[in-house]
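S.K.:
In the working numbering, the protein residues as written are -11 to 136.
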């Protein structure tokens, strides 16, 4: 499993890169000021970082208990990304509605749009991160999985 320092590097790099993409994109798509989009994105990123640390630890812990490894196949990566975003959706929607003074429905639509972006982004980021920073145990697991 990943060390706490590696998990912190993962979570922070994930959120910083995402903010650089999502703030201008969100302001453009939703017609909201960069300031308001930035505040929503920053608070959301902070909550998401905390959720990311807890969620990835618990997911890896459960995966290791079930399979003996933290190796993720492509379908499992999709499940991982979807479950992460669904959990985050319920945390962020009330904040977005309150801060932007919009209805829960409008906040839901906005949050789902961001979640769609983040699902694709999370899948790509995590795949790239695992390739840049692979765990030694995966070399054995990958060879064993190819043999099956």
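Here a beta-carbon is modelled for each residue, glycine too, at the ideal position from N, C-alpha and C.
Predicted model only: the values in this text are computed from it and were never measured.
Provide the residue span of the alpha helix (DSSP H) that contains residue 1, from first to last.
M.R.: By 1-based counting over the chain shown, the position of residue 1 is 13. Per DSSP, residue 1 belongs to the alpha helix (DSSP H) from -8 to 18.
S.K.: For the alpha helix (DSSP H) that residue 56 lies in, which residues bound it at each end?
M.R.: For the purposes of this step, residue 56 is identified with residue 68 of the chain shown, where counting begins at 1. Note, residue 56: premise wrong, no alpha helix (DSSP H); not H, not E.
S.K.: What residue from 121, 70, 24 has the CA that sits closest to residue 90's CA?
M.R.: As a position in the chain shown, residue 90 is number 102, starting the count at 1. Comparing Cα-Cα distances from residue 90 to each of 121, 70, 24, the minimum goes to 24.
S.K.: Closer than 8 Å is the cut-off here; do at least three beta carbon pairs connect the region 43 to 50 with the region 81 to 97?
M.R.: Taking 8 Å as the limit for Cβ pairs, the verdict is that the region 81 to 97 does not touch the region 43 to 50.
S.K.: Given that a residue counts as buried once 16 or more other Cβ atoms are within 10 Å of its Cβ, and exposed if not, what is residue 68?
M.R.: To locate residue 68, count along the chain shown from 1; it is residue 80. With 16 or more Cβ atoms within 10 Å of its Cβ, residue 68 is classed as buried.
S.K.: What do you get for residue 14, buried or exposed, if any count of 16 or more other CB atoms within 10 angstroms of its CB means buried?
M.R.: Locating residue 14 in the chain shown gives position 26, where the first residue counts as 1. Residue 14 should be labelled buried.
S.K.: Taking the CB atoms as reference points, tell me whether residue 73 and residue 37 lie closer together than 8 Å.
M.R.: Position 85 of the chain shown, counted from the first residue, corresponds to residue 73. Position 49 of the chain shown, counted from the first residue, corresponds to residue 37. Contact: no.
S.K.: Only counting the same chain, and skipping five residues up and downstream in sequence, which positions put a Cβ closer than 8 Å to that of residue 64?
M.R.: Taking the chain shown and counting its residues from 1, one reaches residue 64 at position 76. Hits under 8 Å: 51.
S.K.: Looking only at its chain, what residues have a beta carbon closer than 8 Å to the beta carbon of residue 111, apart from the 5 residues adjacent to it on each side?
M.R.: Taking the first residue of the chain shown as position 1, residue 111 is located at position 123. So the list reads 65, 66, 69, once near-sequence residues are dropped.
S.K.: For residue 81, collect the residues of the same chain with a Cβ closer than 6 Å to its Cβ; drop the 5 residues on either side in sequence, then sort them by chain order.
M.R.: Position 93 of the chain shown, counting from 1, holds the residue named residue 81. Within the same chain, residue 81 has close Cβ partners 95, 96, 99.
S.K.: Report yes if the C-beta distance between residue 27 and residue 102 is below 8 Å; otherwise report no.
M.R.: For the purposes of this step, residue 27 is identified with residue 39 of the chain shown, where counting begins at 1. For the purposes of this step, residue 102 is identified with residue 114 of the chain shown, where counting begins at 1. No. Outside cutoff.
S.K.: I'd like the list of long-range same chain contacts for residue 135, defined as Cβ closer than 7 Å, with 5 residues on each side in sequence excluded.
M.R.: Translated into the one-based positions of the chain shown, residue 135 becomes position 147. Legend: pLDDT at residue 135 = 44, less than 50; position of this residue unreliable, no value from coordinates given.
S.K.: Cα-Cα, which of 56, 22, 117, 12 is closest to residue -4?
M.R.: By 1-based counting over the chain shown, the position of residue -4 is 8. Looking at the Cα atoms, 117 is the closest of the given residues.
S.K.: How many Å lie between residue 92 and residue 41 at the Cα?
M.R.: Numbered from its first residue, the chain shown carries residue 92 at position 104. Numbered from its first residue, the chain shown carries residue 41 at position 53. Rounded to the nearest angstrom, the two C-alpha atoms are 27 Å apart.
S.K.: Tell me whether residue 132 is buried or exposed, calling it buried when 16 or more other Cβ atoms sit within 10 Å of its Cβ.
M.R.: Taking the chain shown and counting its residues from 1, one reaches residue 132 at position 144. Any reading at residue 132 must be qualified, since the residue scores a pLDDT of 49, below 50, and its modelled position is unreliable; the value itself is stated next. It counts as exposed.
S.K.: Is the beta carbon of residue 33 less than 8 Å from the beta carbon of residue 71?
M.R.: If you number the chain shown from 1, residue 33 lands on position 45. If you number the chain shown from 1, residue 71 lands on position 83. The answer is no: Cβ separation not under 8 Å.
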